[in-house]
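Protein chains in written order, with this note's numbering: chain A, 436 to 1268; chain B, 3 to 312.
Notes to accompany the following structure.
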Amino acid sequence: MTLPNSLPRPPDELAELERVWRPPCGLRRLTAVNNTYIGVFYLGTALLFLLLGGVLALIMRAQLAVPGNALVDYDTYNQLFTMHGSVMMFLFAVPAVEAVGMLLLPAMLGARDLPFPRLSAYAYWAYAVGGLVFFATIFVDLAPDGGWFMYPPLTSYEFSPGLRTDFWLLGIGFIEISAIAGAIEIIVGVLGTRAPGMTLDRMPVYAWAMLVVGLMIVFAFPPVIAATALLELERAFHWPFFIAERGGDPLLWQHLFWLFGHPDVYIIFLPAAGLLSTMIPTLARTPLVGYGWIVGSLIATGTISFALWVHHMFAVGLSHHWALLFSAASMAVAIPAGVQVSAWLATLWRGRVQRVAPTWFMLGFFATFVLGGLTGVMLAVVPFDWQAHDSYFVVAHLHYVLIGGLVFPLLAAIWYWAPMISGRLMSECAARWACGLIFVGLHLTFFPQHILGLAGMPRRVWTYRAELGLDTFNLLSSAGAVVLASGFAVVFVEILRSVRLAGKVATNPWRASTLDWLPMDNHATRSIPRITSREPLWDHPQLAAEVDAGQHYLPGVVTGGRETLVTSARRAVPLYLLRLPGPSWLPLLAGVGTAAFFFLLTVKWFVPAGIAAFITLVSLLRWVWDTEPESSGRRYPIGAGIALPDAASGLRAHGAWAVIVLLLVEASIFASLVFGSLLLWNAEPKLWRADLPRLDVLTQSAIAGAGWAASSAAIQLAARALRNGQRHRLAVAIGLALLAAGSAFYGSSLLVQRMAPGPADHAGAAIAHALLAWQGLHASVVMAMGLYVLARLWAGQLHARRRNTFDNTRLMWHFMTVQGVLVLLLLQVPYSL
Amino acid sequence: MSDAGVLSSLTAAPGSAAAAIASLGQVMFLGAALVFLIVTVLALAGVWTRAYAIDGRRWLVFGGLALPSVTLAALFVHAAPLDMSAPGPDHPDLPRIEVIGRQWWWEVRYGGANDTERSFVTANELRIPVGRPVSVALTSADVIHGFWVPALAGKVDMIPGRTNRIVLRSDAVQVYRGQCAEYCGGQHGLMAFTVVATSPADFEQWLATQVQPARVDDGFVRGYALFDRAGCPACHSIRGTMAAGTSGPDLTHVGSRRMLAAGTLRNHIGTMTGWISGAEDLKPGSGMPADRTLNGAELRTLAAWLLALQ
Chain A
436 MTLPNSLPRP PDELAELERV WRPPCGLRRL TAVNNTYIGV FYLGTALLFL
486 LLGGVLALIM RAQLAVPGNA LVDYDTYNQL FTMHGSVMMF LFAVPAVEAV
536 GMLLLPAMLG ARDLPFPRLS AYAYWAYAVG GLVFFATIFV DLAPDGGWFM
586 YPPLTSYEFS PGLRTDFWLL GIGFIEISAI AGAIEIIVGV LGTRAPGMTL
636 DRMPVYAWAM LVVGLMIVFA FPPVIAATAL LELERAFHWP FFIAERGGDP
686 LLWQHLFWLF GHPDVYIIFL PAAGLLSTMI PTLARTPLVG YGWIVGSLIA
736 TGTISFALWV HHMFAVGLSH HWALLFSAAS MAVAIPAGVQ VSAWLATLWR
786 GRVQRVAPTW FMLGFFATFV LGGLTGVMLA VVPFDWQAHD SYFVVAHLHY
836 VLIGGLVFPL LAAIWYWAPM ISGRLMSECA ARWACGLIFV GLHLTFFPQH
886 ILGLAGMPRR VWTYRAELGL DTFNLLSSAG AVVLASGFAV VFVEILRSVR
936 LAGKVATNPW RASTLDWLPM DNHATRSIPR ITSREPLWDH PQLAAEVDAG
986 QHYLPGVVTG GRETLVTSAR RAVPLYLLRL PGPSWLPLLA GVGTAAFFFL
1036 LTVKWFVPAG IAAFITLVSL LRWVWDTEPE SSGRRYPIGA GIALPDAASG
1086 LRAHGAWAVI VLLLVEASIF ASLVFGSLLL WNAEPKLWRA DLPRLDVLTQ
1136 SAIAGAGWAA SSAAIQLAAR ALRNGQRHRL AVAIGLALLA AGSAFYGSSL
1186 LVQRMAPGPA DHAGAAIAHA LLAWQGLHAS VVMAMGLYVL ARLWAGQLHA
1236 RRRNTFDNTR LMWHFMTVQG VLVLLLLQVP YSL
Chain B
3 MSDAGVLSSL TAAPGSAAAA IASLGQVMFL GAALVFLIVT VLALAGVWTR
53 AYAIDGRRWL VFGGLALPSV TLAALFVHAA PLDMSAPGPD HPDLPRIEVI
103 GRQWWWEVRY GGANDTERSF VTANELRIPV GRPVSVALTS ADVIHGFWVP
153 ALAGKVDMIP GRTNRIVLRS DAVQVYRGQC AEYCGGQHGL MAFTVVATSP
203 ADFEQWLATQ VQPARVDDGF VRGYALFDRA GCPACHSIRG TMAAGTSGPD
253 LTHVGSRRML AAGTLRNHIG TMTGWISGAE DLKPGSGMPA DRTLNGAELR
303 TLAAWLLALQ
């Protein structure tokens, strides 16, 4: 079969490619946006938080080493464990798996970069700055102290006055932003930027895992976004969503939090499983056993994980039948895990295994994760959970799962992929020491905690009495923590010793089969490979040489700037060239501005907060302004006789995909609020003003609904005007749409004010106002986009062949209409109860 | 046995739910150890032996699907009948018992509006008769707490606005220690209580004593005068006196309790004196102000009087 491009290549082709992708130097390195830079920054920051979270844990273990210790007081201890949990879950684990995805996905898929490099950079800077400020609260006695899952009413304004809880809500806000940005990158990247020929069934398992994780983020983060917003509303304005005396329900928080919290465990574990499924075949020098089974297991795990949340709530007083249902689901999730473990074991048996650094960490994973999984099954058994719940048994379980399921695979991955980034191997000797110390330390620390839990030690206690028989195992556990910490010290020293961002790297030390081991430079591979099998580097030994010589697709620069291929979602047929943005200060400014804005708002420095918001807004607008460059209308050859356009419109465009992912997130947030509404209204049906005539309410709802529909109709008219090139009609239609949407929202808010008491009086009224506020937030964003579209029109940047900005706004607009009508329909529910 | 009482679920009371859970636990521990051993050996052998042309599909079907499914189904069927959420039968011959979680102590109410004969309020200590299931109603006055007596039963949350139930049963005369399991802020770590399982006769005797107002004896006038001077009635009640505060524990029979400050200290003259004069140092955040008005002799007199409230 002839290759897409022939030799010799034009002499200046490579130089041009290198020039376009040259990374910025010196201080301007901060403006880098491509995935290798942002990925390394991201991973480094996540590891810094691992270190910081670990130091907090060491102080806690020192406090608990002996009974009645007074090293720290109860107030400090409560901040320590809250920060330890929050930092490890939100600032280390989730960002770490996203960072690895950013580094590996484009390389594995044969893309030059992620589809939205500046979005990644923005999310990174918001996370890094926001996370560090959040961590710093521990130094000024302002760290949150409500535990990492922050149950109200403890965390509400009455029992947690002051700023501590607000800082927690702030900290989790940044991870919400970066997780959603990550989900957009991952879903669009995996489905849209694979190398030609990489059909879905040839896609690396890791990409499958990340695709599942991306979709999980879309449905798992919204409940916690809704919950944290409600808690902040309760704290700031006393809207009593969680206060029982005023019709609220403390369990609403628990439902929403664990609807996020349980899938989150798999959002952390599935990428690690994907890494293992990628490394194990290489280490065993044989293809993965059961590719289809593993992909099926990933999808099954992702799906079942949304039916497990109640197993964190077995002690809240559920009926036996509900408890059994969730118990069964919690057990069922062990089956896809069993399938994956069996597949990995079978692969190891089929091959002759290389005994190298990643192998040791992989063995550490097996022993630790399996034990954590087994205690997980025990916790799924309701009566046993009644004993183990909220005790040190659970502390032991979750550390086995997280250290076994994430940290060991992550360390294996760091040793495995370091050569891809730096061009050289990390120390084998350091790996053995680190793995040995971490393994011994972790089991010494956490195994005794199972026994402590069953012996009656609750979690989150700052001290314990001497005579309760808890001393020995606590001392052992603390000793283990020191060993564990020394293991991590080896890891950090070795990483610092070997970290280096090399330019060109051409190495495949483990003789792997995936595209990430093709020769790479800042532009990724010289040409984008044509894929014909699942293990391209094994089945096609000359591939590296061909790709590096420029014989595959897109060996140079065709549009004059950074670009990568967009291919079809299922069969990976080339569709168009995605023109990628280069280095810029804007994402950095917007990210830091966002972090500063929320921080300043939390400490109520309103003027500086306003300045930060202004800087953020200006940088965002300036950045977004460039996202839809003029298409030349030409087709550019990429090889094999294929010529591609430099832009796409409609549902082919990557921007539209991102908007769809975002709308799925918004729909899930809305669904979470609907869940909350029905829960609260059902508990208190007599809340609404009965004296309002039913017909009156219906009429007013119908008028508001008609307003939403009219605004969407006007947008459709605008679309027709755009297609026909009628600029004035387009502007008038958008103006009408804005007017209709504004009136519809005004009508809806009048209705809520008439029907319900004030939001601070009663939870049922508060949630109605929250629905309205959510619709209002969406409507104001959409209306701002409408004005932005008008600005593009006025600047001559909007016409029939450059209309993605309009089309994306239109998607958001119709979503707003549907949601607005649903809110109105929902408001009829309390009247019917 | 320590004064604090038996804590561990591994030494569960005979006849208790905890004993049933412990035997379920043993089955699971054995099974888990076996699975763990098999996986570890397979992983080690996979790394250290040559390549084998095993049938991967068979491994997946047996090891991945069949084995876990069968084991889990068996476990589910084995554990499902253990229903501990059902409230135990209400015995008309037992008073209703309600425990209200508070930051950071336990208000205990026996009897209630329909049973005024046996109605009283105490704190941080429950008594139950041996050999019969006793249903306890659980709720909270502030944040979420968790009611956990590991040697007697699993834990149940105490949630504002809801009433949950738990059944306690011990077939042995024994003192047990319970504690808060759900993190409830500041002194969650020092929020424990005592459950005393006594013979039915002793239980009736105890009930009869507890419903009585405070005993009036020779020391009463002087003791109460000091109590009043130190400002204690603002928060504490002593039935039979003017003291009717409600934000702190009822002290009508405080001398009969085994522990002080929600399981933090053993209850004797030394700790009682110390607690009155330095609660903030013994349990910071407890909200009990340290008394600075009484001299040493007066403190000891007050403490001795409180301990005499049997």
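Beta carbons are placed, not taken as given, at the ideal position from N, Cα and C, and that holds for glycine.
Here the structure is a predicted model, which is why all the values come from computation and not from measurement.
Inset, instruction - State the DSSP-derived secondary structure class of W150 (chain B), mapped to helix, strand or coil. - result: If you number the second sequence from 1, residue 150 (chain B) lands on position 148. W150 (chain B) falls in the strand class under three-state DSSP.
Inset, instruction - Could you spell out where the alpha helix (DSSP H) holding P541 (chain A) opens and where it closes? - result: The residue labelled residue 541 (chain A) in the question sits at position 106 within the first sequence. P541 (chain A) -> alpha helix (DSSP H) spans 529–544.
Legend entry - First and last residue of the uninterrupted alpha helix (DSSP H) at R553 (chain A): The count along the first sequence starts at 1 and reaches residue 553 (chain A) at position 118. Taken as a continuous stretch (DSSP letters only), the alpha helix (DSSP H) holding R553 (chain A) covers 552–571.
Inset, instruction - Please decide whether F594 (chain A) counts as near chain B, where near means a Cβ-Cβ distance under 8 Å. - result: Residue mapping note: residue 594 (chain A) aligns to position 159 of the first sequence, counting from 1. At least one beta carbon of chain B lies nearer than 8 Å to the beta carbon of F594 (chain A).
Inset, instruction - Report the three-state DSSP secondary structure of Q214 (chain B) (helix, strand or coil). - result: Within the second sequence, residue 214 (chain B) is the residue found at index 212, counting from 1. In the three-state reduction of the DSSP assignment, Q214 (chain B) falls in the coil class.
Legend entry - Helix, strand or coil at L549 (chain A) [DSSP, three-state]: The residue labelled residue 549 (chain A) in the question sits at position 114 within the first sequence. Coil at L549 (chain A), not helix or strand.
Legend entry - CB contact below 8 Å: E453 (chain A) versus chain B: As a position in the first sequence, residue 453 (chain A) is number 18, starting the count at 1. No, no contact with chain B.
Legend entry - Three-way DSSP call (helix, strand, coil) for P596 (chain A) in this model: In the first sequence, the residue the question calls residue 596 (chain A) occupies position 161. Shown here, P596 (chain A) sits in coil according to DSSP, grouped into three states, outside any helix or strand.
Legend entry - Helix, strand or coil at F584 (chain A) [DSSP, three-state]: Here residue 584 (chain A) refers to the residue found at position 149 of the first sequence. Note: F584 (chain A) maps to coil in three-state DSSP.
Inset, instruction - Could you spell out where the beta strand (DSSP E) holding E127 (chain B) opens and where it closes? - result: Taking the second sequence and counting its residues from 1, one reaches residue 127 (chain B) at position 125. Annotation for E127 (chain B): the continuous beta strand (DSSP E) segment containing it runs 127–131.
Legend entry - Residue range of the unbroken alpha helix (DSSP H) whose run includes N909 (chain A): Counting from 1 along the first sequence, the entry for residue 909 (chain A) is found at position 474. Counting along the chain, N909 (chain A) sits inside the alpha helix (DSSP H) bounded by residues 906–933.
Inset, instruction - For P976 (chain A), count neighbouring C-beta atoms within 10 Å of its own C-beta (all shown protein chains included) and say buried if the count is 16 or more, exposed if not. - result: By 1-based counting over the first sequence, the position of residue 976 (chain A) is 541. When all chains shown are included, P976 (chain A) counts as exposed.
Inset, instruction - Might you give, ordered along the chain, the residues of its own chain that have their beta carbon closer than 6 Å to the beta carbon of P286 (chain B), omitting 5 neighbours on each side? - result: The residue you call residue 286 (chain B) lines up with position 284 of the second sequence. In its chain, beyond the 5 residues on either side, no residue has a beta carbon closer than 6 Å to the beta carbon of P286 (chain B).
Legend entry - Sequence-distant residues of its chain with Cβ nearer than 7 Å to W952 (chain A) (five each side left out): Reading the first sequence from its first residue, position 517 is the one you call residue 952 (chain A). Cβ neighbours of W952 (chain A) beyond the five flanking positions: M855, N943, L972.
Inset, instruction - List the whole-angstrom C-beta distance separating Y559 (chain A) from Y477 (chain A), where the pair is believed to meet the contact cut-off of C-beta under 8 Å. - result: Translated into the one-based positions of the first sequence, residue 559 (chain A) becomes position 124. Translated into the one-based positions of the first sequence, residue 477 (chain A) becomes position 42. About 5 Å; that satisfies the 8 Å criterion.
Inset, instruction - Evaluate L1222 (chain A) with the Cβ neighbour count: other Cβ atoms within 10 Å of its Cβ, from every protein chain shown; 16 or more gives buried, anything less gives exposed. - result: On the first sequence, position 787 is the one that residue 1222 (chain A) refers to. Its Cβ having fewer than 16 others within 10 Å, L1222 (chain A) is exposed.
Inset, instruction - Determine, using beta-carbon pairs with one atom in the segment 1181–1193 of chain A and one in the segment 1157–1169 of chain A, whether at least three such pairs fall under 8 Å. - result: Using a C-beta cut-off of 8 Å, the segment 1181–1193 of chain A makes no contact with the segment 1157–1169 of chain A, since fewer than three inter-stretch Cβ pairs fall below that distance.
Inset, instruction - Give a yes or no on whether the C-beta atoms belonging to A6 (chain B) and G265 (chain B) are separated by under 8 Å. - result: If you number the second sequence from 1, residue 6 (chain B) lands on position 4. If you number the second sequence from 1, residue 265 (chain B) lands on position 263. Going by C-beta atoms, A6 (chain B) is nearer than 8 Å to G265 (chain B).
Inset, instruction - Could you tell me whether the Cβ of I770 (chain A) comes closer than 8 Å to any Cβ of chain B? - result: To locate residue 770 (chain A), count along the first sequence from 1; it is residue 335. Taking Cβ atoms only, chain B reaches closer than 8 Å to I770 (chain A), which makes this a yes.
Legend entry - Closer than 8 Å to chain A by CB, I146 (chain B): By 1-based counting over the second sequence, the position of residue 146 (chain B) is 144. Under the 8 Å criterion on CB atoms, I146 (chain B) is classed as interfacial with respect to chain A.
Inset, instruction - Would you check if the segment 884–893 of chain A and the segment 825–834 of chain A touch, i.e. whether three or more CB-CB distances between them fall below 8 Å? - result: With the cut-off at 8 Å, the segment 825–834 of chain A and the segment 884–893 of chain A touch.
Inset, instruction - Compare the C-beta of L154 (chain B) with all C-beta atoms of chain A and state if any pair is closer than 8 Å. - result: Residue 154 (chain B) sits at position 152 when you count from the first residue of the second sequence. Answer no: the Cβ-Cβ gap between L154 (chain B) and chain A never drops below 8 Å.
Inset, instruction - Verify the CB distance criterion: does D283 (chain B) have a CB-CB separation below 8 Å to chain A? - result: Within the second sequence, numbered from 1, the residue matching residue 283 (chain B) stands at position 281. No, D283 (chain B) lies away from the interface with chain A (no Cβ there is under 8 Å from its Cβ).
Inset, instruction - Identify the contact partners of P70 (chain B) in chain A, using a Cβ-Cβ distance below 7 Å as the criterion. - result: Residue 70 (chain B) sits at position 68 when you count from the first residue of the second sequence. Those are A769, I770, G773, listed as they occur along chain A.
Inset, instruction - Output yes if chain A places a C-beta closer than 8 Å to the C-beta of Q181 (chain B); else output no. - result: Here residue 181 (chain B) refers to the residue found at position 179 when the second sequence is read from its first residue. At least one chain A Cβ lies under 8 Å of Q181 (chain B).
Legend entry - Simplified DSSP state of H1278 (chain A), which is helix, strand or coil: Lying outside 436 to 1268, the shown extent of chain A, residue 1278 (chain A) is not represented and no answer is given.
Inset, instruction - In the DSSP assignment, find the alpha helix (DSSP H) that holds N469 (chain A) and state where it starts and stops. - result: Indexing the first sequence from 1 puts residue 469 (chain A) at position 34. First-last for N469 (chain A): undefined, no H or E at that position.
Inset, instruction - Select from the segment 118–138 of chain B all residues with a C-beta closer than 7 Å to any C-beta belonging to chain A, and list them in chain order. - result: Hits within the stretch: zero.
Inset, instruction - Over the uninterrupted beta strand (DSSP E) stretch that includes G180 (chain B), give me the two end residues. - result: For the purposes of this step, residue 180 (chain B) is taken as residue 178 along the second sequence, with counting starting at 1. 176–182 is the extent of the beta strand (DSSP E) around G180 (chain B).
Inset, instruction - Could you please give the first and the last residue of the uninterrupted beta strand (DSSP E) stretch that includes I168 (chain B)? - result: By one-based count along the second sequence, residue 168 (chain B) stands at place 166. Note, I168 (chain B): beta strand (DSSP E), 166–170.
Inset, instruction - Give the interface partners of E184 (chain B) over in chain A, defined as CB-CB distance under 7 Å, in chain order. - result: Locating residue 184 (chain B) in the second sequence gives position 182, counting from the first residue. Within chain A, the residues near E184 (chain B) are D825.
Legend entry - Beta-carbon proximity of E970 (chain A) to P793 (chain A), cut-off 8 Å: Position 535 of the first sequence holds residue 970 (chain A). Position 358 of the first sequence holds residue 793 (chain A). In this structure, P793 (chain A) does not lie closer than 8 Å to E970 (chain A) by Cβ.
Inset, instruction - Quick one: which residues of the segment 262–281 of chain B get their C-beta closer than 7 Å to a C-beta of chain A? List them in chain order. - result: For the segment 262–281 of chain B, the set of positions with a beta-carbon nearer than 7 Å to some beta-carbon of chain A is empty.
Legend entry - Cβ separation of V1027 (chain A) and V564 (chain A), assumed to be a contact under 8 Å, to the nearest whole Å: Reading the first sequence from its first residue, position 592 is the one you call residue 1027 (chain A). Reading the first sequence from its first residue, position 129 is the one you call residue 564 (chain A). That pair is a contact at about 5 Å.
Inset, instruction - Count the other CB atoms, across all protein chains shown, that sit within 10 Å of the CB of P631 (chain A); report buried if there are 16 or more and exposed otherwise. - result: Locating residue 631 (chain A) in the first sequence gives position 196, counting from the first residue. Around the beta carbon of P631 (chain A), 16 or more other beta carbons lie within 10 angstroms, which makes this residue buried.
Legend entry - V926 (chain A) versus A869 (chain A) - alpha carbon distance: Counted from its first residue, the first sequence places residue 926 (chain A) at position 491. Counted from its first residue, the first sequence places residue 869 (chain A) at position 434. When the Cα atoms are used, V926 (chain A) and A869 (chain A) turn out to be separated by approximately 6 Å.
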